[in-house]
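Residue numbers (the numbering used here): 1 to 282. Even glycine gets a Cβ: it sits at the ideal position worked out from N, Cα and C.
Right, here's the structure in full:
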């Protein structure tokens with residue numbers, strides 16, 4: 001008993017020395033580790049591992065999704081490690097009626113996309129019909145939540161925009177590492193995504209009746225707001241489209257170029273019109 005009391009006294013003396021020698025150090029970080037696993041709650045009621053996973057989503061490149069009454073469009077910024085490297089894949093096809101855009105850890109996204117494909121194939125094999133979007137997203141959220149309550153696991157560090165079309169119409173969902181999901185008319189996630197969300201909030205009322213080309217145009221304009229130096233081109237953009245008359249298909253490189261050209265032509269035409277009106281006013 002005296003031995004245990006002596007060790008406790010020594011520990012308290014050491015803590016007292018560190019407190020006076022390093023006043024700027026957060027002692028809770030050094031001696032009260034609340035972020036070493038995903039099952040320990042902090043005194044503020046937080047699970048830090050989940051918050052860290054959400055930060056990984058915020059640091060990923062931006063993704064935008066929006067839907068009309070018939071179609072859903074995804075658009076994502078791709079990153080390259082260097083000029084010698086290829087761009088990472090950001091838009092994945094899951095089934096004919098559903099696809100995803102990712103922000104965060106690509107490796108985690110591959111695991112989740114494989115799981116979603118398996119769920120879609122199993123449902124199609126058993127019931128001979130596509131898996132409804134709401135059920136697929138619920139299963140995905142349940143799988144993500146398991147990683148937040150077991151000490152041997154960690155949260156998936158990736159956020160998804162899930163776009164699809166089923167018998168109830170078009171759907172756009174966002175999933176988070178915590179297992180939470182929401183359905184949206186339009187949404188943006190990733191780095192600097194607030195600028196894209198601001199654009200979507202200004203223009204979302206036009207989306208329900210918009211054509212596919214108009215949806216893509218809005219998606220590119222929103223993504224441009226979040227792009228570094230507001231620069232987008234066919235190499236750093238991926239687009240995904242799904243609707244009742246079209247299976248989900250990712251567009252990359254030369255398939256994206258016509259939409260980029262049309263956007264640039266519209267912007268140049270708008271600038272020329274504004275300059276003409278300014279000259280007429282003068």
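Alpha-carbon to alpha-carbon, residue j and residue i
i	j	result
residue 203	residue 130	32 Å
residue 57	residue 127	35 Å
residue 35	residue 48	5 Å
residue 31	residue 40	With a pLDDT of 38 at residue 31, under the threshold of 50, the modelled position of that residue is not reliable, and the figure given next carries that caveat. Approximately 14 Å between the Cα atoms of the pair.
residue 124	residue 116	12 Å
residue 233	residue 65	18 Å
residue 99	residue 93	4 Å
residue 249	residue 151	38 Å
residue 72	residue 243	6 Å
residue 228	residue 195	11 Å
residue 310	residue 134	In the structure as shown, the chain begins at 1 and stops at 282. Residue 310 is therefore absent and cannot be evaluated.
residue 182	residue 219	19 Å
residue 46	residue 186	29 Å
residue 205	residue 43	43 Å
residue 215	residue 68	8 Å
residue 192	residue 264	22 Å
residue 60	residue 161	13 Å
Residue i in three-state terms, based on DSSP
i	result
residue 24	Since pLDDT at residue 24 reaches only 47, below the 50 mark, its modelled position is unreliable, and no value is offered.
residue 46	coil
residue 170	strand
residue 31	Bear in mind that the predicted position of residue 31 carries a pLDDT of just 38, short of 50, making it unreliable; the figure below should be weighed with that in mind. Three-state DSSP puts residue 31 in a helix.
residue 87	strand
residue 260	helix
residue 269	helix
residue 37	coil
Sheet register partners of residue i (DSSP bridge)
i	result
residue 283	Coverage of the chain is limited to positions 1 through 282, which leaves residue 283 absent and any answer about it impossible.
residue 93	99
residue 161	101, 174
residue 65	74, 187
residue 80	87
Unbroken alpha helix (DSSP H) run spanning residue i, endpoints
i	result
residue 114	106-127
residue 139	133-146
Boundaries of the beta strand (DSSP E) in which residue i is found, first to last residue
i	result
residue 294	Any property of residue 294 remains undetermined from this structure, which presents the chain solely from 1 to 282.
residue 215	No beta strand (DSSP E) holds residue 215; the alpha helix (DSSP H) holding it covers 212-226.
residue 183	181-183
residue 77	72-77
residue 195	No beta strand (DSSP E) contains residue 195, which is instead part of the alpha helix (DSSP H) from 193-203.
Cβ-Cβ separation, residue j to residue i (assumed contact under 8 Å), whole Å
i	j	result
residue 78	residue 237	7 Å
residue 188	residue 144	Actually they do not touch by this definition, with Cβ atoms about 20 Å apart.
residue 222	residue 251	Their Cβ separation, rounded to whole angstroms, is 17 Å, which puts residue 222 and residue 251 out of contact at 8 Å.
residue 289	residue 166	A query on residue 289 cannot be resolved here, the shown segment of the chain reaching from 1 to 282 and no further.
residue 113	residue 63	Between residue 63 and residue 113 the Cβ distance is about 14 Å, and since that is not below 8 Å, they are no contact.
residue 148	residue 159	Rounded, the Cβ-Cβ distance is 14 Å, inconsistent with contact.
residue 91	residue 74	6 Å
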